[in-house]
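Report on the structure given below.
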Amino acid sequence: MPSLNPSREQLAAFAAQMPSGEPIMMLNLLRYHAVAVYPEASAYPPCSGREAYARYSRTALAKVRGVGGQVELLAQARAALIAPAEEAWDEVLLVRYPSPEAFLSMLADPDYRAATVHRTAALADSRLIGCQAPSTPD
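Using the UniProt record's numbering, the letters of the sequence shown map in sequence onto residues 1 to 138.
So this is what it looks like as C-alpha coordinates:
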(Lines of atoms letter the chains of each structure in order from A and count residues from 1; the text may use other names and numbers.)
(Lines give C-alpha, C1' and ligand atoms only; values in the text may rest on other atoms or scores of the structure.)
Protein backbone atom coordinates (compact mmCIF):
# COMPACT_ATOMS: atom_id res chain seq x y z
CA MET A 1 0.00 0.00 0.00
CA PRO A 2 1.48 3.39 -0.97
CA SER A 3 2.52 5.83 1.72
CA LEU A 4 2.04 9.40 0.56
CA ASN A 5 0.82 11.67 3.35
CA PRO A 6 1.32 11.46 7.13
CA SER A 7 -1.64 10.72 9.37
CA ARG A 8 -2.32 12.72 12.54
CA GLU A 9 -1.02 9.78 14.56
CA GLN A 10 2.21 9.68 12.55
CA LEU A 11 2.71 13.43 13.00
CA ALA A 12 2.15 13.12 16.76
CA ALA A 13 4.64 10.23 17.00
CA PHE A 14 7.16 12.22 14.95
CA ALA A 15 6.82 15.24 17.25
CA ALA A 16 7.24 13.03 20.32
CA GLN A 17 10.27 11.09 19.03
CA MET A 18 12.38 13.80 17.39
CA PRO A 19 14.86 15.88 19.43
CA SER A 20 13.07 19.13 20.22
CA GLY A 21 14.93 22.28 19.20
CA GLU A 22 17.78 20.40 17.50
CA PRO A 23 18.66 20.15 13.80
CA ILE A 24 17.09 17.25 11.93
CA MET A 25 17.27 15.77 8.48
CA MET A 26 14.34 14.36 6.56
CA LEU A 27 15.13 11.47 4.22
CA ASN A 28 12.66 11.26 1.33
CA LEU A 29 12.47 8.20 -0.93
CA LEU A 30 10.38 9.02 -3.99
CA ARG A 31 8.73 6.81 -6.63
CA TYR A 32 6.91 8.72 -9.36
CA HIS A 33 3.83 7.86 -11.38
CA ALA A 34 4.51 7.79 -15.12
CA VAL A 35 1.52 10.16 -15.45
CA ALA A 36 0.50 12.32 -12.48
CA VAL A 37 -2.78 11.27 -10.84
CA TYR A 38 -4.70 14.45 -10.00
CA PRO A 39 -8.23 14.38 -8.53
CA GLU A 40 -10.89 13.93 -11.20
CA ALA A 41 -12.21 17.51 -10.96
CA SER A 42 -8.70 18.99 -11.10
CA ALA A 43 -8.01 21.86 -13.49
CA TYR A 44 -4.29 21.02 -13.68
CA PRO A 45 -3.04 20.03 -17.13
CA PRO A 46 -1.82 16.43 -17.53
CA CYS A 47 1.87 15.86 -16.89
CA SER A 48 4.33 13.25 -15.70
CA GLY A 49 4.80 12.45 -12.03
CA ARG A 50 8.21 14.16 -12.14
CA GLU A 51 6.65 17.29 -13.62
CA ALA A 52 3.95 17.32 -10.93
CA TYR A 53 6.65 16.97 -8.27
CA ALA A 54 8.46 19.93 -9.84
CA ARG A 55 5.23 21.95 -9.47
CA TYR A 56 5.14 21.01 -5.78
CA SER A 57 8.85 21.73 -5.37
CA ARG A 58 8.55 25.34 -6.53
CA THR A 59 6.47 26.14 -3.44
CA ALA A 60 8.04 23.56 -1.11
CA LEU A 61 11.61 24.77 -1.65
CA ALA A 62 10.64 28.35 -0.80
CA LYS A 63 8.89 27.11 2.35
CA VAL A 64 11.88 24.92 3.33
CA ARG A 65 14.14 27.97 3.06
CA GLY A 66 11.56 30.12 4.84
CA VAL A 67 11.84 27.98 7.99
CA GLY A 68 15.65 27.91 7.81
CA GLY A 69 16.00 24.57 6.03
CA GLN A 70 18.03 23.54 3.02
CA VAL A 71 18.25 20.68 0.56
CA GLU A 72 21.39 18.66 1.27
CA LEU A 73 21.00 16.05 -1.48
CA LEU A 74 18.80 15.28 -4.46
CA ALA A 75 19.96 12.23 -6.37
CA GLN A 76 18.59 9.74 -8.83
CA ALA A 77 18.30 6.31 -7.24
CA ARG A 78 19.96 3.67 -9.42
CA ALA A 79 20.13 0.28 -7.76
CA ALA A 80 19.08 -1.03 -4.37
CA LEU A 81 21.71 -3.36 -2.98
CA ILE A 82 19.79 -4.39 0.14
CA ALA A 83 16.02 -4.07 -0.32
CA PRO A 84 13.03 -6.15 -1.31
CA ALA A 85 13.00 -6.67 -5.09
CA GLU A 86 9.67 -4.85 -5.46
CA GLU A 87 10.92 -1.78 -3.59
CA ALA A 88 12.51 0.55 -6.12
CA TRP A 89 12.89 4.31 -5.83
CA ASP A 90 13.35 7.02 -8.46
CA GLU A 91 14.97 9.71 -6.31
CA VAL A 92 16.45 10.27 -2.87
CA LEU A 93 16.04 13.67 -1.24
CA LEU A 94 17.67 14.74 2.01
CA VAL A 95 16.56 18.02 3.60
CA ARG A 96 18.01 19.64 6.74
CA TYR A 97 15.78 21.65 9.09
CA PRO A 98 16.85 23.65 12.15
CA SER A 99 14.38 21.67 14.29
CA PRO A 100 11.38 19.36 14.13
CA GLU A 101 9.28 22.38 15.09
CA ALA A 102 10.48 24.23 11.97
CA PHE A 103 9.57 21.24 9.80
CA LEU A 104 6.11 20.94 11.38
CA SER A 105 5.48 24.68 11.00
CA MET A 106 6.22 24.33 7.28
CA LEU A 107 3.69 21.48 7.01
CA ALA A 108 1.04 23.74 8.61
CA ASP A 109 1.66 26.65 6.20
CA PRO A 110 -1.45 27.21 4.01
CA ASP A 111 0.56 27.77 0.79
CA TYR A 112 2.60 24.63 1.43
CA ARG A 113 -0.55 22.62 2.15
CA ALA A 114 -2.12 23.83 -1.12
CA ALA A 115 0.96 22.71 -3.07
CA THR A 116 0.78 19.16 -1.71
CA VAL A 117 -1.90 18.35 -4.28
CA HIS A 118 1.00 18.17 -6.76
CA ARG A 119 3.10 15.95 -4.48
CA THR A 120 0.21 13.54 -3.96
CA ALA A 121 -0.51 13.44 -7.71
CA ALA A 122 3.17 12.91 -8.51
CA LEU A 123 4.02 10.00 -6.25
CA ALA A 124 3.19 6.33 -6.59
CA ASP A 125 4.89 5.73 -3.24
CA SER A 126 7.24 7.46 -0.82
CA ARG A 127 8.99 7.23 2.51
CA LEU A 128 9.74 10.16 4.80
CA ILE A 129 12.14 9.34 7.61
CA GLY A 130 13.13 11.79 10.34
CA CYS A 131 16.81 11.61 11.29
CA GLN A 132 18.88 13.37 13.92
CA ALA A 133 21.23 15.64 12.02
CA PRO A 134 24.95 15.06 12.50
CA SER A 135 26.64 17.81 14.45
CA THR A 136 28.58 20.26 12.35
CA PRO A 137 32.20 21.07 13.18
CA ASP A 138 32.76 24.54 14.64
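A virtual CB, placed ideally from N, CA and C, is assigned to each residue, including glycine. Here the structure is a predicted model, which means the values were calculated and not measured.
*Touching or not, the region 32-46 and the region 7-17, by the rule of three or more beta carbon pairs under 8 Å?*
no
_Excluding the 5 residues flanking C47 on each side, which residues of the same chain have their C-beta closer than 8 Å to its C-beta?_
V35, A36, R55
*According to the neighbour-count rule (16 or more other Cβ atoms, all chains shown, within 10 Å of its Cβ), is R96 buried or exposed?*
buried
_For a minimum of 4 consecutive residues, which ranges assigned as the alpha helix (DSSP H) are wholly contained in the UniProt domain "DUF1330" (50-123)?_
Taking only runs of at least 4 residues, the alpha helix (DSSP H) segments lying wholly in the UniProt domain "DUF1330" (50-123) are 100-108, 110-122.
*If you pair each beta-carbon of the region 60-69 with each one of the region 80-90, do three or more pairs fall below 8 Å?*
no
*In its own chain, which residues sit with a C-beta less than 6 Å from the C-beta of residue 147, not counting the 5 before and 5 after it?*
Because the chain here runs from 1 to 138, residue 147 falls outside it and cannot be looked at.
*Under the three-state reduction of DSSP, which class applies to L29: helix, strand or coil?*
In the structure shown, L29 sits in a strand (DSSP, three-state: E or B).
*asked:* Does L128 come out as helix, strand or coil in the three-state DSSP assignment?
replied: strand
*Taking the C-alpha atoms as reference points, what is the distance between T116 and L107?*
9 Å
_Beta-carbon proximity list for R58, same chain, < 6 Å, skipping 5 on both sides_ = A distance below 6 Å between beta-carbons, with the five flanking residues on each side excluded, links R58 to no residue of its chain.
*Can you tell me whether I24 is buried or exposed, with buried defined as 16 or more other CB within 10 angstroms of its CB?*
buried
_Beta-carbon contacts of L94 that lie in its chain and below 7 Å, excluding the five residues immediately before and after_ = Cβ-Cβ distances below 7 Å link L94 to M25, L27, E72, L73 in the same chain, with the five nearest sequence neighbours on each side left out; the list follows chain order.
*Quick one: is Y44 buried, meaning 16 or more other Cβ sit within 10 Å of its Cβ, or exposed?*
Here Y44 is exposed, its C-beta having fewer than 16 other C-beta atoms within 10 Å.
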